[in-house]
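J.: Numbering (the working numbering), first residue to last: 9 to 79. Next up is a structure, given as structure tokens.
In structure tokens form, the structure reads like this:
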């Protein structure tokens, strides 16, 4: 098994290198987890999926009352 061979090799390394390898493995695991989160958030949205979520006021094109002094 690869895990057993890897553990044997790790045991032969000095403690400071073992700590460095542990940090590298943690970084790789975090990278994989972040990639999975990004991929899981991507959903296919079809046309009209936001229907009713966005609206424009009827008086959208009317002049603003704040600018009446300048007009």
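Don't be surprised by glycine CBs; every beta carbon is placed ideally from N, CA and C.
In its own chain, which residues sit with a C-beta less than 7 Å from the C-beta of residue 71, not counting the 5 before and 5 after it?
T.: In chain order, 79 place their CB closer than 7 Å to the CB of residue 71, counting only its own chain and leaving out the 5 sequence neighbours on each side.
J.: For the alpha helix (DSSP H) containing residue 65, list its first residue and its last residue.
T.: If you look at residue 65, you'll find it isn't in any alpha helix (DSSP H); DSSP assigns it neither H nor E.
J.: Is residue 29 closer than 8 Å to residue 37 when the C-beta atoms are compared?
T.: no
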